[in-house]
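In what follows, a structure is listed as structure tokens, so that the remarks can point back to it.
In the numbering used here, the protein residues as written are 326 to 696.
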């Protein structure tokens, strides 16, 4: 927990450890209580009323539907120690008044602490939130600073600036270690876990979409290789989406409340990538279809490829431009902004690369067949 509090972007750090607590227990002397005519139940009732109060009485006020509950309780100054409680009086059966301290003694003992277990092993939970940084970056930097058990537990130092850290040089420069019998495991049980589950499910959906597109193209083209050429436009979207989000944060990210406010690659951005798989495939189909029609009409393959880029450029740009303009209003939504930016960056990159990669790949695969 101490190391996590020193990490920039990690806030609201807390753990389940409990401070040692002690309790007072009154042990009555059965013989003295019997001689005084006081039962153990009466002793317990007296202590309970003194500490917790008596709320059995009510006061009915005219005009009020609900009566007011009265609580009779000793002032805190008269019930804060064993000596104060020993001055409580208990009435015996014969009407005599006896001090509580004469009927027994107070014993101090330690309160048992809660011991958490998971998979039959003792565990201590440390909770935290991330502000302005992805949880994965915080975890990687913290674990990068972990040292072997024989190194001092913690070396206080100023953490390295976030701008100086890279994916190849992780860590804050604040070394920490734990004894060898302790293990550390980061497992997000809240928002982070939900995010991982969502990305897992969307990744499976993306794979299923790729398979379905391939099956449809195979049925349409009667070829197992040509659909691969057409679907090359799908991974090209990644070359625009991921660098696009990085550049967007470099240019537009501004601090809010003292913390960075980046535009994350969210689940909605992943949904945008799945949608792009169908949009960009259409551009590839336009190019490949024109190439095949031109070759079937007797045009040389190389001339057909060059002509396809010129003739089909306008439909491709119109399709991409219409989708791009329709995605701009989505970027202003706080929830679906990732979807809009994903569509914009993916369309720009895929449109540019499709005009070069698809024709070049088609030439490499089919040039010898048309010679």
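All residues carry an ideal CB built from backbone N, CA and C; glycine is no exception.
### Message
Taking a contact to mean a Cβ-Cβ separation below 9 Å, would you say residue 671 touches residue 569 in this structure?
### Response
In terms of Cβ geometry, residue 671 and residue 569 form a close pair [threshold 9 Å].
### residue 562 beta carbon less than 9 Å from that of residue 605
yes
### Where residue 636 falls: helix, strand or coil (DSSP)
helix
### 6 Å CB neighbourhood of residue 398 in its chain, flanking five on each side removed
378
### Query
In whole angstroms, what is the alpha-carbon distance linking residue 359 and residue 366?
12 Å
### Message
Would the segment 418–438 count as touching the segment 342–362 if we require 3 or more Cβ pairs under 8 Å?
### Response
yes
### Task
Give the secondary structure of residue 448 by DSSP, where H, G and I count as helix, E and B as strand, and everything else as coil.
strand
### Task
Please list, in chain order, all residues of the same chain as residue 455 whose beta carbon is under 7 Å from its beta carbon, the five residues on each side excluded.
334, 335 and 463
### Query
By how many angstroms is the C-alpha of residue 396 removed from the C-alpha of residue 386?
Linking residue 386 to residue 396 through their CA atoms gives a straight-line distance of about 16 Å.
### Query
In terms of alpha-carbon separation, which member of 405, 534 and 505 lies closest to residue 599?
534
### Spatial distance of residue 414 from residue 383 (CA atoms)
Distance between residue 414 and residue 383, taken at the CA atoms: about 25 Å.
### Task
Use the C-beta contact count for residue 328: other C-beta atoms within 10 angstroms, 16 or more gives buried, fewer gives exposed.
buried
### residue 564 vs residue 674 beta-carbon contact at 9 Å
yes
### Query
Nearest-angstrom Cα distance between residue 496 and residue 485?
8 Å
### Message
I need the boundaries of the alpha helix (DSSP H) containing residue 462, first residue and last residue.
### Response
460–469
### Task
State the beta-bridge partners of residue 422 as determined by DSSP.
For residue 422, which the question treats as bridged, DSSP gives the partners 416.
### Query
Under 9 Å, do residue 634 and residue 684 count as touching if we go by C-beta distance?
Cβ distance < 9 Å, so residue 634 and residue 684 count as in contact.
### Task
Taking only the alpha-carbon atoms, compute the straight-line gap between residue 381 and residue 372 and give it to the nearest angstrom.
16 Å
### Query
Starting from residue 698 and walking both ways along the beta strand (DSSP E), at which residues does that stretch end?
Within the shown structure, residues of the chain are numbered from 326 to 696, placing residue 698 beyond reach of any answer.
### Message
So if DSSP puts residue 509 in a beta bridge, which residue, or which two residues, is it bridged to?
### Response
Within the DSSP bridge table, the entry for residue 509 names no partner.
#### Entry: According to DSSP, residues forming a beta bridge with residue 351
431
### Task
Sort 647, 669 and 448 by Cα distance to residue 656 and report the nearest one.
669
### Message
Beta-carbon within less than 8 Å of residue 524's beta-carbon, same chain only, minus the 5 sequence neighbours each way: which residues are those?
### Response
Only 592 and 595 meet the Cβ criterion.
### Nearest-angstrom Cα separation, counted from residue 342 out to residue 410
31 Å
### Query
Taking just the CA atoms, how far does residue 509 sit from residue 519?
21 Å
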